[in-house]
Amino acid sequence: DGGITQSPKYLFRKEGQNVTLSCEQNLNHDAMYWYRQDPGQGLRLIYYSQIVNDFQKGDIAEGYSVSREKKESFPLTVTSAQKNPTAFYLCASEGRDSSQSNQPQHFGDGTRLSIL
Amino acid sequence: AQSVTQLGSHVSVSEGALVLLRCNYSSSVPPYLFWYVQYPNQGLQLLLKYTSAATLVKGINGFEAEFKKSETSFHLTKPSAHMSDAAEYFCAVRLPFGNEKLTFGTGTRLTIIP
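For the record, the sequence lines run as chains D and P. Read in order, the letters of the first sequence are residues 381 to 496 in this note's numbering. Read in order, the letters of the second sequence are residues 189 to 302 in this note's numbering.
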């Protein structure tokens with residue numbers, strides 16, 4: 381089945397440690413997104429990528445980094461500079477013509493990151 | 189910039205009763221609108237979308253929503269609630285141009301009372 385796979389499901393980070401969250405899709409989608417979800421705040425955009433080897437900052441990019449070396453993969457690194465990383469992280473992808481924005485985003489099942 | 193407001197962070201309805209989840213948007217032009225559902229510890233699943241065709245949109249699981257430009261609203265309804273509808277629901281808005289970002293509301297948690 382086509383879909384988006386996020387791993388791991390649960391992740392723990394020690395102080396001063398960088399951690400990387402994996403996101404893989406086999407939907408042949410060009411665009412991929414990372415969101416952070418906190419209770420009562422909805423989803424906030426961290427980074428997004430519309431094509432391979434290109435990505436843009438979202439609304440809350442500080443303390444995060446990404447890469448897009450392959451169309452299928454869009455890993456997110458939570459760096460030690462992110463002082464409040466505890467959250468639920470969601471990856472999404474979207475197949476879209478660059479002239480249209482009416483396509484829905486497809487989501488993975490998320491990674492829950494906690495501080496040890 | 190576009191935005192969306194979901195009135196009521198928590199809504200409770202009895203099983204079999206009408207479900208009404210409210211969403212109002214702010215946008216410089218008529219936008220595209222989406223409703224997503226999220227079950228615990230899962231990602232978001234698309235319920236329905238409005239993309240400037242029919243103003244009454246039918247989605248999965250018996251849900252529907254009506255785009256009302258005069259009220260800048262896109263409320264989600266279901267005639268008869270089922271226990272399996274208990275989840276969190278998100279309204280999202282996007283401008284109808286290329287490369288625009290999706291902006292989410294803060295969500296409404298729906299509880300079904302047996």
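Idealized CB from N, CA, C, for every residue including glycine. All of these numbers come straight from a predicted model, not from anything done at the bench.
Check                                                                                                              : Outcome
Residue 218 of chain P versus residue 240 of chain P - alpha carbon distance                                       : 8 Å
Interfacial residues, the region 279-302 of chain P to chain D, with Cβ spacing under 9 Å                          : 280, 282, 283, 284, 285, 286, 287, 288, 289, 290, 291, 292, 293, 294 and 295
At least 3 beta-carbon pairs within less than 8 Å: the region 252-262 of chain P vs the region 384-396 of chain D  : no
Same chain only: Cβ atoms within 8 Å of residue 474 of chain D, ignoring 5 sequence neighbours per side            : 409, 410, 411, 412, 413, 483, 484, 485 and 486
Range of the contiguous beta strand (DSSP E) that encloses residue 468 of chain D                                  : 467-474
7 Å Cβ cut-off: residues of chain P touching residue 434 of chain D                                                : Correct list: empty, because the minimum Cβ distance to chain P is about 12 Å.
C-beta atoms of residue 448 of chain D and residue 432 of chain D nearer than 8 Å                                  : yes
Of the residues P:248, P:261 and P:275, the one placed nearest residue 235 of chain P, counting alpha carbons only : P:248
Interface residues of chain P facing residue 490 of chain D [CB-CB closer than 8 Å]                                : 229, 230 and 231
DSSP beta-bridge partners of residue 456 of chain D                                                                : D:401 and D:446
Interface partners of residue 484 of chain D on chain P, CB under 7 Å                                              : 222, 234 and 237
Contact the region 222-231 of chain P vs the region 201-208 of chain P: 3+ CB pairs below 8 Å                      : no
8 Å Cβ cutoff, residue 421 of chain D in contact with chain P                                                      : yes
Opening and closing residue of the beta strand (DSSP E) in which residue 384 of chain D lies                       : 384-387
Inter-residue spacing [alpha-carbon to alpha-carbon] between residue 195 of chain P and residue 278 of chain P     : 11 Å
Beta-bridge partners of residue 409 of chain D, as assigned by DSSP                                                : Partner(s): none; residue 409 of chain D has no beta bridge.
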